[in-house]
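Visitor:
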Amino acid sequence: MAIKKGKKEVKKETGLCLTNRKNDNFGEWYYELVVGGEMISYTDISDCYVVEPWAMEVWNIMKVSREFMWQEGHTVFATESEAGEEILEVLELYRRIYEEYLAVPVIKGKKSELEKFAGGLYTTSVEAFIPNTGRGVQGATSHCLGQNFAKIFHIVFEDENRELAT
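Start counting the sequence shown at 6; every next residue gets the next number (the numbering used here).
Written out as structure tokens, the structure is:
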């Protein structure tokens with residue numbers, strides 16, 4: 006099958022390898038990549054092509070990889086001590102993920118009053134040290150919100166005696 010690229014006719018070949026090297030001839034390498042990967046199709050109109058759906062999917066994947074992503078969970082407890090136990094348990098899970106799976110040493114701790122989550126009672130975090138800068142970077146946090154938000158949104162629950170509690 007022949008396709009037109011501008012005014013020159015190019016034979017479309019299928020295969021898994023690229024004949025040009027990216028560092029040697031970027032333009033030809035990129036052309037082979039997008040045509041061979043069926044990301045674009047040329048039309049009979051000079052210098053006109055169709056961007057195929059797969060090409061957009063690749064772009065979407067690239068955009069997502071540049072986004073700030075986080076994991077978030079919310080729990081509710083009858084007492085502050087139960088909430089505190091959960092916060093420390095989750096903080097330990099964060100530490101284990103960083104140190105045991107990612108091999109990044111972290112320090113667990115409690116944020117100062119100025120650094121805590123606004124509206125919360127306290128915030129805990131794991132922080133990693135950046136040797137090149139001499140600074141730390143926050144890796145993960147857990148917040149104890151107390152009853153502040155529950156009161157604002159009028160949240161109640163049924164206790165063990167089947168009575169409504171706040």
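For every residue, glycine included, the Cβ atom is placed at its ideal position computed from N, Cα and C.
Note that this is a predicted model, so its numbers are computed, not measured.
Which residues in the same chain have their Cβ closer than 7 Å to the Cβ of Trp59, if we skip the five residues on either side of it in sequence?
Guide: Counting only Cβ-Cβ distances below 7 Å, and skipping sequence neighbours, we find Glu43, Met44.
Visitor: With Thr129 and Ala155 assumed to form a contact (beta carbons below 8 Å), what rounded beta-carbon distance in angstroms separates them?
Guide: With a Cβ gap of about 20 Å, Thr129 and Ala155 do not count as contacting.
Visitor: Rounded to the nearest angstrom, what separates Glu165 and Ala83 at their Cα positions?
Guide: Using only the alpha carbons, I get a separation of about 10 Å.
Visitor: Tell me which residues share the same chain as Tyr54 and place their Cβ nearer than 7 Å to its Cβ, disregarding the 5 neighbours each side in the sequence.
Guide: Answer for Tyr54: Ile45, Ser46, Tyr47, Thr48, listed in chain order.
Visitor: Excluding five sequence neighbours on each side, which residues of the same chain lie with their C-beta closer than 6 Å to the C-beta of Ile112?
Guide: Closer than 6 Å at the Cβ level, and outside the excluded window around Ile112, lie Glu132.
Visitor: Considering only the beta carbon of each residue, do Phe122 and His159 sit closer than 7 Å?
Guide: Not a contact, by the Cβ cut-off of 7 Å.
Visitor: For Gly125, which residues in the same chain have their Cβ closer than 8 Å to its Cβ, ignoring the five residues on either side in sequence?
Guide: Within the same chain, Gly125 has close Cβ partners His148, Cys149, Leu150, Gly151, Asn153.
Visitor: From which residue to which residue does the beta strand (DSSP E) around Arg140 run?
Guide: Residues 140–149.
Visitor: Are the Cβ atoms of Phe134 and Gly141 separated by less than 7 Å?
Guide: Going by C-beta atoms, Phe134 is nearer than 7 Å to Gly141.
Visitor: Check for me: the alpha helix (DSSP H) holding Ser117 runs from which residue to which?
Guide: Unbroken run through Ser117: none, as it is neither H nor E.
Visitor: Kindly identify the DSSP beta-bridge partner or partners of Leu169.
Guide: Partner(s): Glu163.
Visitor: Just reading off the alpha helix (DSSP H) that Ser51 is part of, what are its end residues?
Guide: Segment: none, Ser51 is in no alpha helix (DSSP H) and carries neither H nor E.
Visitor: In whole angstroms, what is the alpha-carbon distance linking Glu87 and Glu62?
Guide: Taking the straight line joining both Cα atoms gives about 44 Å.
Visitor: DSSP on Ala133, reduced to helix/strand/coil?
Guide: Residue state, collapsed to three classes: strand.
Visitor: I need the DSSP call for Val109, collapsed to helix, strand or coil.
Guide: Here Val109 sits in coil by DSSP.
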